[in-house]
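From first to last, the protein sequence lines are chains A and B.
The first sequence begins at 178 in my numbering and counts up one residue at a time.
The second sequence begins at 178 in my numbering and counts up one residue at a time.
Heads up, the thing below is written out as structure tokens.
Number of protein chains: 2
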Amino acid sequence: MSRKQETVRVTIVGFGYVGRGVAEVIKRKHDAIARKHGIDLTIVGIADLYGSIVNENGLSEEEIMNLRTGKNLKDISSRDVIKEVEHEVMVEATPTNVDNGEPGLTHVLTALESDRHVVTSNKGPIALEYKRVTELAAKRGKELRFEASVGGAMPIISLVRENLAGNGIISIEGILNGTCNYILTRMAEEKLPYEHVLKEAQGLGIAEADPSKDIEGIDTAVKLVILANSIFDMNTAYKEVEVTGITEITPEALKLADDEGYVIKLIGEVDRDGSLKVAPRLVPKGNPLNVGGTLNVATIKTDLAGEITVIGKGAGPIEAASAILSDIIGIYT
Amino acid sequence: MSRKQETVRVTIVGFGYVGRGVAEVIKRKHDAIARKHGIDLTIVGIADLYGSIVNENGLSEEEIMNLRTGKNLKDISSRDVIKEVEHEVMVEATPTNVDNGEPGLTHVLTALESDRHVVTSNKGPIALEYKRVTELAAKRGKELRFEASVGGAMPIISLVRENLAGNGIISIEGILNGTCNYILTRMAEEKLPYEHVLKEAQGLGIAEADPSKDIEGIDTAVKLVILANSIFDMNTAYKEVEVTGITEITPEALKLADDEGYVIKLIGEVDRDGSLKVAPRLVPKGNPLNVGGTLNVATIKTDLAGEITVIGKGAGPIEAASAILSDIIGIYT
Numbered sequence: 178m179s180r181k182q183e184t185v186r187v188t189i190v191g192f193g194y195v196g197r198g199v200a201e202v203i204k205r206k207h208d209a210i211a212r213k214h215g216i217d218l219t220i221v222g223i224a225d226l227y228g229s230i231v232n233e234n235g236l237s238e239e240e241i242m243n244l245r246t247g248k249n250l251k252d253i254s255s256r257d258v259i260k261e262v263e264h265e266v267m268v269e270a271t272p273t274n275v276d277n278g279e280p281g282l283t284h285v286l287t288a289l290e291s292d293r294h295v296v297t298s299n300k301g302p303i304a305l306e307y308k309r310v311t312e313l314a315a316k317r318g319k320e321l322r323f324e325a326s327v328g329g330a331m332p333i334i335s336l337v338r339e340n341l342a343g344n345g346i347i348s349i350e351g352i353l354n355g356t357c358n359y360i361l362t363r364m365a366e367e368k369l370p371y372e373h374v375l376k377e378a379q380g381l382g383i384a385e386a387d388p389s390k391d392i393e394g395i396d397t398a399v400k401l402v403i404l405a406n407s408i409f410d411m412n413t414a415y416k417e418v419e420v421t422g423i424t425e426i427t428p429e430a431l432k433l434a435d436d437e438g439y440v441i442k443l444i445g446e447v448d449r450d451g452s453l454k455v456a457p458r459l460v461p462k463g464n465p466l467n468v469g470g471t472l473n474v475a476t477i478k479t480d481l482a483g484e485i486t487v488i489g490k491g492a493g494p495i496e497a498a499s500a501i502l503s504d505i506i507g508i509y510t
Numbered sequence: 178m179s180r181k182q183e184t185v186r187v188t189i190v191g192f193g194y195v196g197r198g199v200a201e202v203i204k205r206k207h208d209a210i211a212r213k214h215g216i217d218l219t220i221v222g223i224a225d226l227y228g229s230i231v232n233e234n235g236l237s238e239e240e241i242m243n244l245r246t247g248k249n250l251k252d253i254s255s256r257d258v259i260k261e262v263e264h265e266v267m268v269e270a271t272p273t274n275v276d277n278g279e280p281g282l283t284h285v286l287t288a289l290e291s292d293r294h295v296v297t298s299n300k301g302p303i304a305l306e307y308k309r310v311t312e313l314a315a316k317r318g319k320e321l322r323f324e325a326s327v328g329g330a331m332p333i334i335s336l337v338r339e340n341l342a343g344n345g346i347i348s349i350e351g352i353l354n355g356t357c358n359y360i361l362t363r364m365a366e367e368k369l370p371y372e373h374v375l376k377e378a379q380g381l382g383i384a385e386a387d388p389s390k391d392i393e394g395i396d397t398a399v400k401l402v403i404l405a406n407s408i409f410d411m412n413t414a415y416k417e418v419e420v421t422g423i424t425e426i427t428p429e430a431l432k433l434a435d436d437e438g439y440v441i442k443l444i445g446e447v448d449r450d451g452s453l454k455v456a457p458r459l460v461p462k463g464n465p466l467n468v469g470g471t472l473n474v475a476t477i478k479t480d481l482a483g484e485i486t487v488i489g490k491g492a493g494p495i496e497a498a499s500a501i502l503s504d505i506i507g508i509y510t
């Protein structure tokens, strides 16, 4: 395509595994994106707890490496990078905090007030302060996109908003947490008890040292709230979701289900009447929601298209970066 | 959202089951689309083999009924409706002709030359003359969208182009024909021979009286060519696809597969190296491609997001209209 090249300057705030993934894919994909979409993506600043690096002409690989090794960092706060460095898109990739959304919330608000578009993988600000951040974005005429916050590489928010634009959405149900799915899949396959499989998952880096947010269903509830707010125009919070986790599920229950042609999955469901629920559910083996391993899946019930199901990898730095990159491109195309 | 209302005048060319579905959903969804997307969709002309109706202020339900009963039709050709009636979007919904693409091809070319956007469910022009129609659209600065031509309500073309925009696409494989999927699913479930299930499918309206295009894999090949041309920038035709249909599959083969944990599905696959193939394949039961009944499914292999699978209804007038409606909205949002 023969579009004019447009320079899009990006900052990355939060340089953990998602932020690094974003830097990595922008480098890897720079030329292909320029060719295909006419966008010249340039990273002009990266900010982390440990310091910041800034280069208005684009950060070199060496400069980015410095951030990882801690060399030659500048003592500029994330907020100042967002406010002072000239750029168009701020990528917010700090860890989710479901108590008060910080520091992500401050980053998002500061960026919008400074007239930057925002693309984020951070669930906190979207789950806790959806109305506030989207109203500010609308007021400033800026975009706020957060595909990476639900389902990682699996497109769901943009799928519903764009590809199913003509449809009324009746409900969404799915597996939104790969850790729980892995544990339940392994328990069923190997007939092993919960504690054993949890340890295995922790050893593989699939479950965190403190797995409570995943296994108690809180992570699923937070993602469900993001879908409720962004797709069903609700204004809800995760504490209002009825949540049951997977800690009480036994190999015997999985065996019983199996004998009857079912699997047990931790399903989050939201419908347009405002009901939100996270709980283990019996899923027929032939149902598209029956996906194994760490996969995520969502079935969207619509009034015209019927049921649409999408399956993809719910986690991983490159997968999250894929969603972030598509969000950035989506702002300009 | 408080967007300004924009009037979008639409003509529908071809008033079979898809065209009627489009008229039906535009009527049903008019107010919701105006509210949500700021678009005032107005059908100003419908043309069919039997005649046309035109009303620049928007056709009434009674006028649309006349087209179905043959009353009060005007003797204006489809081409003249496309050329002479003032409108922004021409919906081409005549039946697919895989020999020369007509009359769809002429409709699409005429509309683009008359500076209309085109949204179509017709596989012919896209599979046979992709380069010609897309180059004309680019030259006239008009949009040409055809999500409904592959997978019905299942989003795939826009999913790849928009939601996976940052990704390089490695391959796409899937079940793109609901008739074949229904026949193979029923044969496996009921251990019935091919001929028996085909008759059943014909009785249910799932297979046509002459089912050859479906069961010989031609319909799948045509859809595969649309994916190859539009997603992989190829310039290929369905006669270049290596095709094997499902007529030789026996209940015994399905039973053997079942014993080993597999199902047999008619899979179309295209990869970025230019290989295109349609053939029955063994699919592990746990694979996301294992969907039953008349469902369609596609797995998209990408370089960043990994594998994304989408499942949906591949046929039906309202389902096709859903894709057409989302395409129309996509032009304006």
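Idealized CB from N, CA, C, for every residue including glycine.
All figures in this text were calculated on a predicted structure; none of them were measured in a lab.
Within the 9 Å Cβ cut-off, does Thr510 of chain B reach chain A? For this step, residue 510 of chain B is matched to residue 333 along the second sequence. True, the Cβ-Cβ gap to chain A drops below 9 Å.
Of all the CB atoms in chain B, is at least one closer than 9 Å to the CB of Gln182 of chain A? As a position in the first sequence, residue 182 of chain A is number 5, starting the count at 1. Output row for Gln182 of chain A: interface = no.
Relative to the C-alpha of Pro302 of chain B, which residue among B:Glu263, B:Lys400, B:Gly470 is closest? Along the second sequence, read from residue 1 onward, the residue named residue 302 of chain B stands at position 125. Of B:Glu263, B:Lys400, B:Gly470, the residue nearest in Cα terms is B:Lys400.
Collapsed DSSP secondary structure at Ala342 of chain B in the structure displayed: Numbered from 1 along the second sequence, position 165 holds the residue referred to as residue 342 of chain B. Correct three-state label for Ala342 of chain B: coil.
Within chain B, partners of Ile408 of chain A - CB distance below 7 Å: The sequence position of residue 408 of chain A within the first sequence is 231, counting from 1. Going along chain B, no residue has its Cβ under 7 Å from Ile408 of chain A, so there is no contact; the nearest lies around 12 Å.
Distance CB(Thr184 of chain A)-CB(Gly222 of chain A) smaller than 9 Å: Against the first sequence, residue 184 of chain A aligns to sequence position 7. Against the first sequence, residue 222 of chain A aligns to sequence position 45. It is not a contact, given that the beta carbons lie outside the stated cut-off.
In whole angstroms, what is the alpha-carbon distance linking Lys416 of chain A and Ile501 of chain A? Position 239 of the first sequence, counted from the start, is the residue given in the question as residue 416 of chain A. Position 324 of the first sequence, counted from the start, is the residue given in the question as residue 501 of chain A. C-alpha separation (whole angstroms): 27 Å.
Of all the residues that make up the stretch 327–354 of chain B, which are near chain A by a beta-carbon distance shorter than 7 Å? Ala330, Met331, Pro332, Ser335, Leu336, Glu339, Asn340, Leu341, Ala342, Gly343, Asn344, Gly345
What residue range does the alpha helix (DSSP H) around Glu366 of chain B cover? If you number the second sequence from 1, residue 366 of chain B lands on position 189. That run of the alpha helix (DSSP H) goes 355–367.
Going along chain A in order, which residues have a C-beta closer than 7 Å to the C-beta of Val296 of chain B? By one-based count along the second sequence, residue 296 of chain B stands at place 119. In chain order: nothing, as chain A lies at least about 11 Å away.
Check distances from the C-beta atoms of the stretch 217–245 of chain A to those of chain B and list, in chain order, the residues that come in under 9 Å. none
Please confirm if the stretch 321–341 of chain B is in contact with the stretch 294–308 of chain B, defined as three or more CB-CB distances below 8 Å between the two stretches. yes
Do we get a CB-CB distance below 9 Å when we pair Thr356 of chain A with the residues of chain B? Here residue 356 of chain A refers to the residue found at position 179 when the first sequence is read from its first residue. Chain B contact via Cβ: absent.
Let me see if you follow: with CB-CB separation under 9 Å, is Val185 of chain A close to chain B or not? In the first sequence, the residue the question calls residue 185 of chain A occupies position 8. No, its Cβ sits nowhere closer than 9 Å to a Cβ of chain B.
Thinking Ala330 of chain A and Gly483 of chain B are a contact (beta carbons under 8 Å), I'd like their distance in whole angstroms, please. If you number the first sequence from 1, residue 330 of chain A lands on position 153. If you number the second sequence from 1, residue 483 of chain B lands on position 306. Confirmed, Cβ separation roughly 6 Å.
Starting from Thr479 of chain A, trace the beta strand (DSSP E) in both directions and tell me its first and last residue. Working through the first sequence from its first residue, we reach residue 479 of chain A at position 302. Here the beta strand (DSSP E) through Thr479 of chain A covers 472–479.
Classify Arg256 of chain A as helix, strand or coil using the three-state DSSP reduction. Your numbering for residue 256 of chain A matches position 79 in the first sequence. Note: Arg256 of chain A maps to helix in three-state DSSP.
Can you list, in chain order, the residues of its chain whose CB lies under 8 Å from that of Thr471 of chain A, leaving out five sequence neighbours each side? The residue given as residue 471 of chain A occupies position 294 in the first sequence. For Thr471 of chain A, where only same-chain residues beyond five positions count, the Cβ hits under 8 Å are Gly355, Thr356, Asn358, Tyr359, Ile383, Lys490, Gly491, Ala492.
Quick check on the DSSP output: what are the complete alpha helix (DSSP H) runs of length 4 or more inside the stretch 376–415 of chain A, in order along the chain? 389–392, 395–408
Would you check if there are 3 or more beta carbon pairs closer than 8 Å linking the stretch 280–292 of chain A to the stretch 302–315 of chain A? yes
Quick one: what's Lys442 of chain A bridged to in DSSP? In the first sequence, the residue the question calls residue 442 of chain A occupies position 265. DSSP, once it has assigned bridges, lists A:Arg458 as partnering Lys442 of chain A.
Among B:Glu372, B:Tyr307, B:His214, B:Val266, the one whose alpha carbon lies nearest that of Ile408 of chain B: If you number the second sequence from 1, residue 408 of chain B lands on position 231. Nearest to Ile408 of chain B by alpha-carbon distance, out of B:Glu372, B:Tyr307, B:His214, B:Val266, is B:Tyr307.
Could you tell me which residues DSSP pairs with Asp225 of chain A in its beta bridges? Walking along the first sequence from the start, residue 225 of chain A turns up at place 48. According to DSSP, Asp225 of chain A bridges with A:Gly228.
Please list the partners that Glu496 of chain A has in chain B, where partner means a Cβ-to-Cβ separation under 9 Å. The residue labelled residue 496 of chain A in the question sits at position 319 within the first sequence. Those within 9 Å of Glu496 of chain A in chain B are Leu481, Ala482, Gly483.
Would you say His373 of chain B lies against chain C (beta-carbon separation less than 9 Å)? Within the model displayed, chain C is absent; protein chains A and B are what it includes.
By the three-class DSSP mapping on this structure, what secondary structure does Ser335 of chain B have? If you number the second sequence from 1, residue 335 of chain B lands on position 158. Reduced to three states, the DSSP call for Ser335 of chain B is helix.
Thinking just about the alpha-carbon of each residue, which of B:Gly193, B:Thr510, B:Leu341, B:Ser499 is nearest to the one in Lys206 of chain B? Position 29 of the second sequence, counted from the first residue, corresponds to residue 206 of chain B. That would be B:Ser499, whose Cα lies nearest to the Cα of Lys206 of chain B.
Within the same chain, show all residues whose beta-carbon is closer than 6 Å to that of Met178 of chain A, passing over the 5 residues directly before and after it, in chain order. Working through the first sequence from its first residue, we reach residue 178 of chain A at position 1. Because Met178 of chain A carries a pLDDT of 41, less than 50, the predicted location of this residue cannot be relied on, and the following value inherits that uncertainty. So no residue of the chain qualifies.
Chain A within 9 Å of Glu324 of chain B, Cβ atoms only: As a working note, residue 324 of chain B is residue 147 in the second sequence. Glu324 of chain B belongs to the set of residues whose beta carbon lies under 9 Å from a beta carbon in chain A.
Between the C-alpha atoms of Val426 of chain B and Ala378 of chain B, what's the straight-line distance to the nearest angstrom? As a first step, residue 426 of chain B must be located in the second sequence, where it is residue number 249. As a first step, residue 378 of chain B must be located in the second sequence, where it is residue number 201. Before going on, a small fix: residue 426 of chain B reads as Ile here, not Val. When rounded, the distance between both Cα atoms is 16 Å.
Can you give the Cα-Cα distance for Leu369 of chain B and Pro428 of chain B, rounded to whole angstroms? As a working mapping, residue 369 of chain B is identified with position 192 in the second sequence. As a working mapping, residue 428 of chain B is identified with position 251 in the second sequence. Computed Cα separation, rounded: 6 Å.
Supposed contact pair Gly469 of chain B and Thr397 of chain B - C-beta distance, whole angstroms, cut 8 Å: Counted from its first residue, the second sequence places residue 397 of chain B at position 220. Counted from its first residue, the second sequence places residue 469 of chain B at position 292. Not confirmed; about 17 Å, so no contact.
Rounded to the nearest angstrom, how far is the Cβ of Ile352 of chain B from that of Leu466 of chain B, given a contact under 8 Å? Position 175 of the second sequence, counting from 1, holds the residue named residue 352 of chain B. Position 289 of the second sequence, counting from 1, holds the residue named residue 466 of chain B. Indeed, because the Cβ distance is near 7 Å, the residues count as touching under 8 Å.
Closer than 7 Å at the beta carbon, the chain B residues around Ser503 of chain A: Position 326 of the first sequence, counted from the start, is the residue given in the question as residue 503 of chain A. The contacting residues are Asn340, Leu341, Ala342, Gly343.
Tell me, please, whether the CB atom of Val190 of chain A is closer than 9 Å to any CB atom in chain B? Here residue 190 of chain A is taken as the residue at index 13 of the first sequence, counted from 1. No, its Cβ sits nowhere closer than 9 Å to a Cβ of chain B.
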